[in-house]
Structure formats: C-alpha cells, structure tokens
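FYI, in mature numbering (1 follows the signal peptide of the UniProt record, and there is no 0) the residues of the sequence shown are -22 to -1, 1 to 448. Beta carbons: idealized from backbone N, C-alpha and C, even for Gly. These numbers come from a predicted model, not from an experiment. Written below as structure tokens is the structure these notes are about.
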Amino acid sequence: MCNVKLVLVYFFCALCIEYAYSESVFRDLYKVKHVPLKDGEDPGEPLILTPYLEQGKIEEARNLSIVPEEFFLGIKSYSGYFTVDKNYDSNSFFWFIPATDEDYKKVPLLLWLQGGPGGSSIYATFVENGPFRSINETHIELSRVSWTSNHSVLYIDNPVGTGYSFTNDRWCSTEEQIGEDLYSALVQFFKLFPELQSNDFFVTGESYAGKFVPAVSYTIHKKNAKSDFKINLKGLTIGNGLSDTVNQLNYGDYLYQIGLIDDDERDSMKALEEKTIGLIQEEKYDEAFAVYDTLLNGDLTKYPTLFKNATGFDYYYNYLLSNGSDSSLYSVFIQQVDIRRALHVGNLSYVTDDQVEESLQADFVKSVAPWISELLNHYRVLTYNGQLDIIVAYPLTVNYLRHLNFSAADEYKSAKRYEWIVEGDIAGYVKEAGNLTEVLVRNSGHMVPVDQPEWTLDLISKFVRNLPLH
C-alpha cells in the first residue's frame, strides 16, 4: 500500500495574462512574457523563403534573410521561415548565426534543438549557448561564453507550433513527423547556404530533444542512403536527454539515495514507476503518461504530485535549488516591434503553450533507443548529464545507455572512467566505447550550458573536432 499523504490544495486563477508557461514535463524552464503589439506598430511580414528557393532565387532569399546587425551588437546572422508542409501551412522558424571568431566555412556546423516539448530554441541564443544575454527587457549584451565563437549554429524552433514556428492545423504527434519536418528545413537551409553542405554537421540539443536529436539524425541517415542530396552528418550530442522512458524511470531509488525521500516514499514512487512501465509495455501510452503525471509532472492532475508531496519541491532541475531563476527577459526583447522586423517574424505570436505537448503525450513514454543504437553504429554520439539534475538524472541516463544494442555495447559496460580536466579543474568524468562518449558534468543541473558555460564549450568543441577529453 502506497504511503502517500494527500494534500488538498485550492488553486486560485489570477487574472493576469502577461505570463505563460509551457506546461510540458520541462515546463518551468521556458517562462515567457507575452507582449502585444501597440496600435500603429508595423513589424513587417513573416519572411517565407521556400518560394524563393523553389524558383532558384538563392541570392535574393539570402539577402532578404539577413538580420540587421545594429539590433544584435554587430553579430551577423540570418533568419526566416522554411515551409515544411504546404498542406497545413507548417513553417519552421530558423535563426542562423555563423561563427563569430573563425571562418564559418571551415568550422563545424551545429543544429541546436530545445526540449520541452514546446521550448523555443531562441531561448538558447539568450540563455544557454548563444552570443547574447539579456540585461533587461529591452537591452542585451554579448555573452562571455558562446558556442557561436568557434562553431556556426543553426537554431530552429521545433516542432512546428513552438516559438515563432507556426502551423495552420497540423501538430506533430510522432517523432517520425518531427524528423521529416526538420529534414525538410535542413535541405532548404543547405540550398540557402550551399557552401556549408560539406562542413562537418552535428545535431545537438538537450532535455526532450533527447528524442528530437535522434529523430532528425535517423531521418538524415535514411535519406542519405537513398537521395542524391547528402547532409554531412558526423554525429550528435544530447544533454540531459529523455530518450528511453522505461529505462530512465527510477526516481524512487535516485531520490532516496540523495536523501530527498525516505524508504516509504521510495516504495510509493517505485509502485507508480512499475505501473507506468507496465502500461508502456502494453502499449497503453496515454494511460502510462497519466500515471507518470501523478508521479512527477503534474500537468493533468489537480492534486500535488507524489514528488511534490514527498519532497516539498516543484523544481526538479537541480536538487540544490528549490526554485529556478526567471529567464523571461529575452522573450520581451524579441517581441519588440523593431526586433520582430529584424528577425522577419512579422506579427506572429511567440508561442509556448500546451498544444505541442498535448499532441506528443503518447510520444513522451515511447523510446528512441533503437534509433540511437543504429546511429551509434555509424556516427559519433555524445551524451552528457549535469551531476545535480533530477528529471533526467545521470544514473537514469547511464541505465538506458547500458541497455542499448550497438556494436560497442559490451565495451561500454566495462569501459574505464577518466577525469575530464579544464584549466586545472575536474570538470567531470568520461567513458568512451566505440562511437559513444558519455560524460558527467560536475556542479551542474539540467541546463548544463547555463551552470557551466566554459566547461560545456570545451566539451562540445573537443567532441565535434574528435579531440581527446582526457
């Protein structure tokens, strides 16, 4: 019998329309303040580049996509939309930032995908690994550490319906759809920037992008085998990624081991975990998500989750913190009329709502481990986890990695662990086997690039250049 103390909570709905949250599993990360346009403000029109590309007007499309540098501290970049499904007017927003400190034609090209599902990749340009940081709601400064210093980075709001990406009436419900949409956007991107098609290309992301990254990578893998158009995929990186729910569902033992719950609460959690896994194995995915929701997430239930009742915490991204910082400043900045015009988004809403997650509810509990296993036989794969995360804790990632079926699976299980040193500090620990590199990053939670920017840049820079970490 579960020893769960039920707490009756009355929810009051504040009549405030300014703030919205993406009610996903990773909901608290993407707080957004919505800013309506004022009467008479002209943000221009959304720039749909697909018709220009189809007509062979590459140079015109590229010139139109230039983002005025005066709004972004002299940083050169390009943005606009690629149509990925004409039947439903589905369009993916991209923001491409060429390497700022090196020749962009000679450095690796990274695709960055935010998690959520429903988190905008624009978030990363201001909060995580991009060249900007918000000073306040109307001003930005250059980031001290940025992946764009020595890599070119393509940020795409994914899936359609996220951030500035939009769709008329087709929300993705499977990773196969997401992979196809992203592949379509990438093909158009390389038509817009043909000089980059031969560059080493890596798909990167974090959190729920633990599904998105393998989805598009596997799609590229399949398409490359059949199409004359090749994308030079060299590898993928996943930070604190949810990829294989069955083998990453062991919060009871983990929270007990770090002292946040007692043995009775652990047993209650394990009962819900076993129930969730059983439903997944029976392919009752919606029911499985509903049970999981009562365990940790809390989107569907009107009562506090078992995690909340047991620990008192709402925040599960760093077990040293009870609350996260407010990162919504960037969202106000990008909705200013001049910035809208500069980014070519027109009057479109900047969206972080429930629709994307609701459409992917069954997908949440499905596994992409078979894709990762296949990709590991052909491409280099980096998984890294922050030491202090709860929602995708390091031991949970290791557990699913140990269940992968790839050529070096046995080698991984017995691989030696090495220290990873950055400027004299132990940044973390590394295991390598075949194409797999697995890393623990010390003193960081779910958002590793936020907590340890220098270390993360060192990690990514070395991995994509195939340089040793130890």
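Proximal residues to residue i (C-beta, below 7 Å), its chain only, five neighbours per side dropped
i: lysine -18; result: In this prediction, lysine -18 has a pLDDT of 34, which is less than 50 and means its spatial position is unreliable; nothing more can be read from the coordinates.
i: glutamate 115; result: Leu307, Val310, Phe311
i: serine 422; result: Gly364, Gln365, Leu366, Asp429, Gln430
i: leucine 250; result: Val269, Thr272, Leu273, Leu284
i: residue 472; result: This structure does not reach residue 472, given that the chain is present from -22 up to 448, and the question cannot be answered.
i: aspartate 304; result: Lys9
i: aspartate 147; result: Tyr66
i: asparagine 128; result: Ala77, Asp79, Glu80, Val85, Ser439
Rounded straight-line distance, which links the Cα of residue j to that of residue i
i: tryptophan 433; j: threonine 140; result: 29 Å
i: leucine 164; j: leucine 447; result: 30 Å
i: tryptophan 90; j: isoleucine 350; result: 18 Å
i: glutamate 389; j: valine 359; result: 15 Å
i: aspartate 277; j: isoleucine 36; result: 45 Å
i: glutamate 216; j: glutamate 32; result: For clarity, residue 216 is isoleucine in the given sequence; the question names glutamate instead. Spanning the two alpha carbons is a distance of roughly 33 Å.
i: serine 68; j: glutamine 333; result: 14 Å
i: aspartate 436; j: lysine 280; result: 43 Å
i: tyrosine 328; j: aspartate 316; result: 15 Å
i: valine 105; j: serine 112; result: 8 Å
i: glycine 412; j: leucine 338; result: 32 Å
i: alanine 39; j: asparagine 177; result: 21 Å
i: alanine 387; j: arginine 380; result: 7 Å
i: residue 467; j: arginine 244; result: A query on residue 467 cannot be resolved here, the shown segment of the chain reaching from -22 to 448 and no further.
i: glycine 324; j: leucine 374; result: 42 Å
i: glutamate 397; j: tyrosine 362; result: 14 Å
i: lysine 409; j: serine 130; result: 27 Å
i: tyrosine 30; j: valine 62; result: 14 Å
i: tyrosine 196; j: aspartate 17; result: 46 Å
i: valine 442; j: histidine 424; result: 21 Å
i: glutamine 313; j: glutamate 260; result: 45 Å
i: alanine 347; j: glutamine 166; result: 28 Å
i: leucine 214; j: lysine 200; result: 15 Å
Contacts around residue i, its chain only, beta-carbon distance under 6 Å, and the 5 residues preceding and following it disregarded
i: valine 343; result: Thr223, Ile258, Tyr263, Ala266, Phe267
i: asparagine 107; result: Trp125, Pro427
i: tyrosine 274; result: A small fix is needed here, since residue 274 is leucine in this sequence, not tyrosine. Excluding positions up to five away in sequence, the list reads Thr283, Phe285.
i: valine 123; result: Pro431, Glu432, Leu435
i: alanine 187; result: Leu91, Gly93
i: glycine 219; result: Gly188
i: asparagine 202; result: Lys208
i: aspartate 370; result: A quick correction: the sequence has valine, not aspartate, at residue 370. So the list reads Asn218, Leu220, once near-sequence residues are dropped.
Beta-bridge pairing of residue i - partner residues as DSSP gives them
i: valine 346; result: In the DSSP output, where bridge partners are listed per residue, valine 346 has none listed.
i: leucine 414; result: Val359, Ala411
i: glutamate 184; result: Gly217
i: aspartate 63; result: Ser68
i: arginine 111; result: Glu119
i: tyrosine 56; result: Ile44, Phe74
i: glycine 324; result: BP columns for glycine 324 are empty, so no partner.
Element boundaries [alpha helix (DSSP H), containing residue i]
i: valine 426; result: 426 to 429
i: glutamate 265; result: 263 to 270
i: isoleucine 156; result: 153 to 170
i: leucine 174; result: Leucine 174 -> no alpha helix (DSSP H), and no H or E assigned at all.
i: arginine 420; result: No alpha helix (DSSP H) contains arginine 420, which DSSP labels as neither H nor E.
i: glutamine 33; result: Careful: glutamine 33 lies outside any alpha helix (DSSP H) and carries neither H nor E.
i: phenylalanine 104; result: 100 to 105
Range covered by the beta strand (DSSP E) that runs through residue i
i: lysine 212; result: 211 to 217
i: serine 309; result: No beta strand (DSSP E) holds serine 309; the alpha helix (DSSP H) holding it covers 307 to 311.
i: glutamate 397; result: 396 to 400
i: leucine 87; result: 87 to 91
i: valine 376; result: Segment 372 to 379 is the alpha helix (DSSP H) holding valine 376; no beta strand (DSSP E) there.
i: tyrosine 133; result: 130 to 134
Neighbourhood of residue i by C-beta distance below 8 Å, restricted to the same chain and skipping five residues each side
i: asparagine 444; result: Arg358
Any C-beta of chain C under 7 Å from that of residue i
i: leucine 257; result: Here chain C cannot be found, since the structure has a single protein chain.
Proximity test, residue i beta-carbon vs the ligand MG heavy atom, cut-off 6 Å
i: glutamate 115; result: No copy of the ligand MG appears in this structure; indeed no ligand is present at all.
How do the region 350 to 369 and the region 416 to 433 stand: do at least 3 beta-carbon pairs fall below 8 Å, yes or no? Look at the beta carbons and you see the region 350 to 369 touching the region 416 to 433: at least three pairs across the two are nearer than 8 Å.
Taking 8 Å as the threshold, find out whether the region 232 to 245 comes into contact with the region 279 to 293 through three or more Cβ pairs. Output reads yes: the region 279 to 293 touches the region 232 to 245.
Taking 8 Å as the cut-off, does the region 311 to 325 touch the region 47 to 60 (at least 3 CB pairs, one atom from each stretch)? Segments in contact, yes.
Say whether the region 392 to 399 touches the region 59 to 73, bearing in mind that this needs 3 or more beta-carbon pairs closer than 8 Å, one atom from each stretch. Contact fails between the region 392 to 399 and the region 59 to 73, because fewer than three Cβ pairs, one in each stretch, are under 8 Å apart.
Three or more C-beta pairs below 8 Å linking the region 23 to 31 and the region 80 to 96: Note that the region 23 to 31 does not touch the region 80 to 96; fewer than 3 beta-carbon pairs, one per stretch, sit closer than 8 Å.
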